[in-house]
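Residue numbers (full-length UniProt numbering), protein chains in the order written: chain A, 1 to 199; chain B, 1 to 199; chain C, 1 to 199; chain D, 1 to 199. A virtual CB, placed ideally from N, CA and C, is assigned to each residue, including glycine. Bear in mind that the values here come from a model prediction, so they are computed numbers and not experimental data. Report on one structure; see the data block that follows.
Number of protein chains: 4
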Amino acid sequence: MRRNKPKYKQIIEAAVVVIAENGYHQAQISKIARQAGVADGTIYLYFKNKEDVLLSVFREKMAMFVEKINEAIAEKETAADKLFVMIENHFRILSEDKNLAIVTQLELRQSDKQLRYKINEVLKDYLQVLDHILEYGKEQGEFSAGLDTRLARQMIFGTMDETATTWVLNEHKYDLISLAPQVHGLILHGCKANGKLSK
Amino acid sequence: MRRNKPKYKQIIEAAVVVIAENGYHQAQISKIARQAGVADGTIYLYFKNKEDVLLSVFREKMAMFVEKINEAIAEKETAADKLFVMIENHFRILSEDKNLAIVTQLELRQSDKQLRYKINEVLKDYLQVLDHILEYGKEQGEFSAGLDTRLARQMIFGTMDETATTWVLNEHKYDLISLAPQVHGLILHGCKANGKLSK
Amino acid sequence: MRRNKPKYKQIIEAAVVVIAENGYHQAQISKIARQAGVADGTIYLYFKNKEDVLLSVFREKMAMFVEKINEAIAEKETAADKLFVMIENHFRILSEDKNLAIVTQLELRQSDKQLRYKINEVLKDYLQVLDHILEYGKEQGEFSAGLDTRLARQMIFGTMDETATTWVLNEHKYDLISLAPQVHGLILHGCKANGKLSK
Amino acid sequence: MRRNKPKYKQIIEAAVVVIAENGYHQAQISKIARQAGVADGTIYLYFKNKEDVLLSVFREKMAMFVEKINEAIAEKETAADKLFVMIENHFRILSEDKNLAIVTQLELRQSDKQLRYKINEVLKDYLQVLDHILEYGKEQGEFSAGLDTRLARQMIFGTMDETATTWVLNEHKYDLISLAPQVHGLILHGCKANGKLSK
DNA sequence: TATGAATGAGGGTTCATTCAT
DNA sequence: TATGAATGAACCCTCATTCAT
Numbered sequence: 001m002r003r004n005k006p007k008y009k010q011i012i013e014a015a016v017v018v019i020a021e022n023g024y025h026q027a028q029i030s031k032i033a034r035q036a037g038v039a040d041g042t043i044y045l046y047f048k049n050k051e052d053v054l055l056s057v058f059r060e061k062m063a064m065f066v067e068k069i070n071e072a073i074a075e076k077e078t079a080a081d082k083l084f085v086m087i088e089n090h091f092r093i094l095s096e097d098k099n100l101a102i103v104t105q106l107e108l109r110q111s112d113k114q115l116r117y118k119i120n121e122v123l124k125d126y127l128q129v130l131d132h133i134l135e136y137g138k139e140q141g142e143f144s145a146g147l148d149t150r151l152a153r154q155m156i157f158g159t160m161d162e163t164a165t166t167w168v169l170n171e172h173k174y175d176l177i178s179l180a181p182q183v184h185g186l187i188l189h190g191c192k193a194n195g196k197l198s199k
Numbered sequence: 001m002r003r004n005k006p007k008y009k010q011i012i013e014a015a016v017v018v019i020a021e022n023g024y025h026q027a028q029i030s031k032i033a034r035q036a037g038v039a040d041g042t043i044y045l046y047f048k049n050k051e052d053v054l055l056s057v058f059r060e061k062m063a064m065f066v067e068k069i070n071e072a073i074a075e076k077e078t079a080a081d082k083l084f085v086m087i088e089n090h091f092r093i094l095s096e097d098k099n100l101a102i103v104t105q106l107e108l109r110q111s112d113k114q115l116r117y118k119i120n121e122v123l124k125d126y127l128q129v130l131d132h133i134l135e136y137g138k139e140q141g142e143f144s145a146g147l148d149t150r151l152a153r154q155m156i157f158g159t160m161d162e163t164a165t166t167w168v169l170n171e172h173k174y175d176l177i178s179l180a181p182q183v184h185g186l187i188l189h190g191c192k193a194n195g196k197l198s199k
Numbered sequence: 001m002r003r004n005k006p007k008y009k010q011i012i013e014a015a016v017v018v019i020a021e022n023g024y025h026q027a028q029i030s031k032i033a034r035q036a037g038v039a040d041g042t043i044y045l046y047f048k049n050k051e052d053v054l055l056s057v058f059r060e061k062m063a064m065f066v067e068k069i070n071e072a073i074a075e076k077e078t079a080a081d082k083l084f085v086m087i088e089n090h091f092r093i094l095s096e097d098k099n100l101a102i103v104t105q106l107e108l109r110q111s112d113k114q115l116r117y118k119i120n121e122v123l124k125d126y127l128q129v130l131d132h133i134l135e136y137g138k139e140q141g142e143f144s145a146g147l148d149t150r151l152a153r154q155m156i157f158g159t160m161d162e163t164a165t166t167w168v169l170n171e172h173k174y175d176l177i178s179l180a181p182q183v184h185g186l187i188l189h190g191c192k193a194n195g196k197l198s199k
Numbered sequence: 001m002r003r004n005k006p007k008y009k010q011i012i013e014a015a016v017v018v019i020a021e022n023g024y025h026q027a028q029i030s031k032i033a034r035q036a037g038v039a040d041g042t043i044y045l046y047f048k049n050k051e052d053v054l055l056s057v058f059r060e061k062m063a064m065f066v067e068k069i070n071e072a073i074a075e076k077e078t079a080a081d082k083l084f085v086m087i088e089n090h091f092r093i094l095s096e097d098k099n100l101a102i103v104t105q106l107e108l109r110q111s112d113k114q115l116r117y118k119i120n121e122v123l124k125d126y127l128q129v130l131d132h133i134l135e136y137g138k139e140q141g142e143f144s145a146g147l148d149t150r151l152a153r154q155m156i157f158g159t160m161d162e163t164a165t166t167w168v169l170n171e172h173k174y175d176l177i178s179l180a181p182q183v184h185g186l187i188l189h190g191c192k193a194n195g196k197l198s199k
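Below, the structure is given as C-alpha cells:
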C-alpha cells in the first residue's frame, strides 16, 4: 500500500508547504519534488498525476479533520455542545496550521471544475458529521423539528467557511478560535433579538 | 467612455457565456472574441488585458446585483423584510441567469490570488448592503443589540453563497428561489428549537 | 508631388523623434502619427508602408548630409583639406542633432536585411562623395597612386562611422567634432611612426 | 556545467545556421530547435531565453575569434606583423564560415538596444587585443608616440568591420582574405602619397 | 525504486494596415 | 484629404509527464 510509505506523506506535506508559499498556480511538480527531497519522476510512482497529488492533499487533511472532530464530538452530550466543539475545532485546526488554512481556504479553490467536484466528494465525509449532529439535535428536541437538514448544514458550513476565509484574507491578524462562541450563538439563535432581551 | 459603447457590453456577455460553457481555464480570448463576433484584437481596444475582461465581468454583474437589490430593499420597512428580499433577489438573479451563476459560484473562484483580491474589493459594495441592513435592524431593536456585524454578515453571506454553490454543483436541479424563506428563517432564528414556535 | 507637402516633412521629423526616444522596435506607426499630430491612416496617404517611412527618413537626412558636405568640400582646394572638412562636417551634423545621431548610428541598423540593402543604396550617394575626393587626390598626386579607391573609402567611412557610433554609445559625453583632426591624421598617415617624428 | 554539454554547442551551431538562412527576425526558437534536432523546450534547459541564445552565439564565436587571433599574434615579433595577422585572421575566420559572417556582420546588428549593449560588452575582449597591439607598437617605437589608442582602435576596427560588411553585402563575391595586405597598408600608412618613404 | 533530461502542446498580446465615413 | 476603429496573424515560454538508465 503506497499510502503508508514514508515518501507518500513526505510529498503530501511538501505540497502543502509549496502551495501555501507559492500559490496554487505556482505549485509546480518540480517545486513539490524539490521540497520533498525527491526527483520529479518519483512523484509519479506514488501519485497518478498532479491532480491526484492535490486531491490527496485534501483527502488526507480532511480525514485528519474528521477524525479529530469526531473524537471531540464524542465527548459531548448535547447537540449544541457537539456543534460548539465542532466549530471550535474547525477553527483550531486551521489556526494551528496556517499553511493548511491558506491551502484549503484560498489556494485549492483555484482548481478547475473537475477537481472541485472531486474535492466536494471528499468534503461529504465532513458534511456528514454535521448532518449527524443536526439529526441528533432534532431527535433530542434541541433543534427545531422542521429544520431542513441540508439547508441547515449549508448555513453552518457556509458560516464557518466564510468566517475562516475572511480570517485568512485578513492574514490571520485576529484570533479565529475566540470567534467560536459568537458563531455558535449565531447558528443556534440567528440574528433576531430574542424575546427577553428585546423587550 | 469605452464602457458605454455597445461592444463593451457585447464582450462582457460573450465572456459570461464562454466561461460558463468552457470553464475558467478554457476561456481563451480567442473564444470570447468569436462568441462576441469581433476580432481578437478588438478586445484589447476595450480591455487592458485578459484579467481586465474577467474582472470587468464581475464588476458589471456585481453592480447589477447591488442595484437590483438596493431597489428591492428600499421598498421594505423592517430589517427582517429587507433581509428576506435580499436573499430572495440574490437567489432570483442567479436563477434567472444560470450562466452567470456558474461563472460567479464556480468559475471565477479559480482566478489566481491577485484577481481574487480585486474581486474581493468589488464584493465589498455588496457586503456593505448587508452591513446596512444589520445596523438598521440593530437600531430598530429587531436584531439583537450584541450582534457582531462582521460575523453576522459572514454568516449571512456564507449561508447564501454556500446554498447557491451547492445548487450550482447540483446542476440547478431544484428550485433555488423557493429556499429563500427557510434560509431567511435559519438566519433569523438559527437552528435551535424555539419553545413557542416549534409547538 | 507628395514630398513637398508640409505633412510629409512633418511625419519624417516625427519619426526621427519617436525612433530616437523609443528605439527602432518601439517606433510604432501610431506613435509617429501622434507625434506628427495626424491620424494613423494619414501616414498611408504619404508613404507606402512603414518601411517606406523609415527609408524616407534615411533618404531625406542623407540628402541633407550630402548637400551640406558638398558645399563645404567645394570651398577647399586640396584633397586633404576636402577630406578634413568632410570628416569635420560629418561629425558636426551628428553633434548638432543628437536624435539624428542616435537614429542613424544605432536604431536604423536594427532594420531587417531588406531595408538594410535599400539603405545601403541610398548611402552610395554619400560614398561617392568620398570616392570623388580620393580620385581627385590621386590625380593631384596627394594620395598614393596605387590606392585602391574602394578599400580606402571603406577605411575612411568605417573609421568615421565607428568613431561616431562609439561616441553615441558613450552617450555623447565627449566632443566629437574635436576628434576630426586626429581622425584626419590617422586616415592620411596611418599608425606608423613617420621617420622624422620618431627620431 | 551546461556549456560543455554537447547539446549546448549543437544549439549554438543551429542558431548560426538558422539566423544566416532566415534572418534575425525570422529566427524563431522553433526553427532553431528543429535545426538542432531537439524539442523547443530543450533549448530552455540550456538557455534562459531567446536573448540568451543569441548573446551566447556571439559570446562563443567571439571567444573563438579572440583565441585564434591571440595564438596567431603571439608568433609575431613586431606590432606591424601582429596587426597583419590580426587582420588576415579576422578575414580568414569570416571567409571560412560564411554563415557566421552573415550573422555577425548583418543579422545580429538587428538586435534591440539592450542586446546590442551586451554584445558590445563581449566585443570589448576583442578590442582589447587591438589595444595591446597598439600599446606594444608605441612602446617599440613602431607606431607614432602621439597615437590616440582609442581613436586608432576605432579606425582599425571600423576599417576591418566596414570591409567585412561590404564583402557580405556583396554576397562574398570576391576574396576577402586577399584584401588583408592592402588594408594593413592603409592602416599603417594612410592614404597619403609618401614620395620618399615609398622608395 | 529512483532519477532527471527531454518532450511539445498551447495562448495572450501587439501592431501594421485597411476602409467606411 | 483625413480619420481611427477594427482586423488577425504570429511566437516565446512553461511545465506536466515520460522513459532510458
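Cutoff 9 Å: residue i Cβ touching any chain D Cβ
| i | result |
| --- | --- |
| residue 28 of chain C | no |
| residue 107 of chain C | yes |
| residue 162 of chain C | yes |
| residue 192 of chain C | yes |
| residue 19 of chain C | no |
heavy atom of the ligand ADP below 8 Å from residue i C-beta
| i | result |
| --- | --- |
| residue 23 of chain A | With respect to small molecules bound, the structure shown includes none, and the ligand ADP cannot be examined in it. |
Residue-chain proximity (residue i, chain A), Cβ-Cβ < 9 Å
| i | result |
| --- | --- |
| residue 99 of chain B | no |
| residue 82 of chain B | no |
Minimum Cβ-Cβ distance from residue i to chain B less than 9 Å
| i | result |
| --- | --- |
| residue 77 of chain A | no |
| residue 175 of chain A | no |
| residue 110 of chain A | yes |
| residue 41 of chain A | no |
| residue 179 of chain A | yes |
Straight-line Cα distance separating residue j from residue i
| i | j | result |
| --- | --- | --- |
| residue 33 of chain A | residue 113 of chain C | 47 Å |
| residue 192 of chain D | residue 144 of chain C | 6 Å |
| residue 53 of chain D | residue 93 of chain B | 54 Å |
| residue 140 of chain D | residue 73 of chain D | 16 Å |
| residue 208 of chain C | residue 165 of chain D | Absent from the model: residue 208 of chain C. The displayed extent of chain C is 1 to 199, so no value can be given. |
| residue 161 of chain B | residue 97 of chain A | 25 Å |
| residue 153 of chain C | residue 187 of chain C | 10 Å |
| residue 203 of chain C | residue 147 of chain D | Residue 203 of chain C cannot be examined here, being either before or after the span of chain C that is shown, 1 to 199. |
| residue 125 of chain D | residue 57 of chain C | 35 Å |
| residue 66 of chain C | residue 59 of chain D | 37 Å |
| residue 169 of chain A | residue 35 of chain A | 25 Å |
| residue 122 of chain B | residue 129 of chain B | 13 Å |
Local conformation of residue i per DSSP, three classes
| i | result |
| --- | --- |
| residue 82 of chain D | helix |
| residue 173 of chain B | coil |
| residue 212 of chain A | There is simply no residue 212 of chain A to check, as chain A begins at 1 and stops at 199 in what is shown. |
| residue 76 of chain D | coil |
Any C-beta of chain C under 9 Å from that of residue i
| i | result |
| --- | --- |
| residue 205 of chain D | This structure cannot settle anything about residue 205 of chain D, because the visible part of chain D is limited to 1 through 199. |
| residue 103 of chain D | no |
| residue 187 of chain D | yes |
| residue 93 of chain D | no |
| residue 49 of chain D | no |
Worksheet item: Which whole runs of the alpha helix (DSSP H) in the UniProt domain "HTH tetR-type" (5-65) of chain A are 4 residues long or more, in chain order?
Response: 6-22, 29-36 and 40-46
Discussion item. At 4 residues or longer, what runs of the alpha helix (DSSP H) sit wholly inside the stretch 115-145 of chain B?
Written reply: none
Discussion item. With a threshold of 8 Å, are at least 3 pairs of Cβ atoms found where one atom belongs to the stretch 69-83 of chain C and the other to the stretch 129-139 of chain C?
Written reply: yes
Discussion item. For the pair the stretch 172-184 of chain B and the stretch 16-34 of chain B, tell me if three or more CB-CB distances fall below 8 Å.
Written reply: no
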